[in-house]
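Here the structure is laid out as structure tokens; the discussion comes afterwards.
In mature numbering (1 follows the signal peptide of the UniProt record, and there is no 0), the protein residues as written are -26 to -1, 1 to 253.
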């Protein structure tokens, strides 16, 4: 890809250095070319670290190694089932201490992308949903269903409130520059039809209404309503375009391989192909 075309991409791999705002008003916006942080367009490269898959003692080293590798942003899902193992009972201790994790990112001088979901896939049990959720009377997952929407909104609000209480959004001087609601919902929306579209629109509006002061994204959701940014996940994103001309092109996940099924072959992607797709 030629250099003049590189500038149109905001790269997310699975986006310089974090500068505290001090007396300057912190803000994150976007235009058609980039995410704009405190008035400056940024080409940002991110890497993924899932805090429950490691220990707090490992986080600083992992994050610093990512920084040494050229990463500007650490992105993570938020795992509902570990944080709310039973209705209304929350766990943010030990390796589930997401506040400590985000603050460790901030300490390293990096940004954070908080992918709340709360459906996260991530090759994680039940896609991150707590098991108790399926026993809620009348519930139907990820569609225009009131019991599900009530539970989902409650958890999303809990996480956003927790981040706000610790001043962790960039609008507060913290490191979180983007948040994500839902996860790769586009294929599901097409299957469900009208109820899927209604749910997707509700989810976007609900998230924006939480007033984080930073943009929200929806990955693999071409119908994401304004002001939510639709983003690309995949092996290749060269043919991807945002659904509005004033939104930036963001690649939230560049797939370096594929998960291994029990007893199945190990899938490996040649590094040359991965480098080509990202270049």
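A virtual CB, placed ideally from N, CA and C, is assigned to each residue, including glycine.
Taking all protein chains shown into account, decide if residue 249 is buried (16 or more other Cβ within 10 angstroms of its Cβ) or exposed. exposed
From 191, 245, 235 and 236, residue whose alpha carbon lies closest to that of residue 224: 191
Counting only runs of 4+ residues fully inside the stretch 82 to 165, write out the alpha helix (DSSP H) ranges in chain order. 120 to 139
Residue 67, DSSP secondary structure in three states: coil
Which of the three DSSP states, helix, strand or coil, is assigned to residue 186? coil
Taking the beta carbon of residue 234 as the centre, do at least 16 other beta carbons fall within 10 Å, making it buried, or is it exposed? exposed
Measure the C-alpha to C-alpha separation of residue 68 and residue 56 and round it to an integer number of angstroms. 11 Å
Own chain, CB closer than 8 Å to residue 5, minus 5 neighbours either side, in chain order: 15, 220 and 222
Should residue 145 go down as buried or exposed, given a rule of 16 or more other Cβ atoms within 10 Å for buried? buried
Could you check whether the stretch 166 to 174 touches the stretch 91 to 109, counting it as contact only if at least three pairs of C-beta atoms, one from each stretch, sit closer than 8 Å? no
I'd like to know if the stretch 94 to 104 and the stretch 159 to 170 are in contact, where contact means that at least 3 CB-CB pairs between them fall below 8 Å. no
Exposed or buried, what is residue 53 when buried is set at 16 or more other beta-carbons lying within 10 Å of its beta-carbon? buried
At a cut-off of 7 Å, is residue 196 close to the ligand ATP when judged by its beta-carbon and the heavy atoms of the ligand? No copy of the ligand ATP occurs in the structure displayed, which carries no ligand at all.
Going along the chain, which residues of its own chain have a beta-carbon closer than 8 Å to the beta-carbon of residue 150, five neighbours each way excluded? 76, 85, 86, 87, 88, 137, 142, 143, 144, 186 and 188
Would you report the Cα separation of residue 210 and residue 43, rounded to the nearest angstrom? 22 Å
Start and end residues, alpha helix (DSSP H) containing residue 252: 245 to 252
Residue 110 to residue 120 span [Cα, whole Å]: 11 Å
What span of residues does the alpha helix (DSSP H) with residue 45 cover, start to end? Segment: none, residue 45 is in no alpha helix (DSSP H) and carries neither H nor E.
Helix, strand or coil for residue -26 per DSSP? Summary for residue -26: the model assigns pLDDT 45, below 50, so the residue's position carries little reliability, and this model does not support an answer.
What does DSSP give as the partner residue(s) for residue 15 in the beta ladder? 10
Straight-line Cα distance separating residue 227 from residue 243: 15 Å
Residue ranges of each beta strand (DSSP E) within the stretch 180 to 240, 3 or longer: 190 to 193, 203 to 208 and 223 to 228
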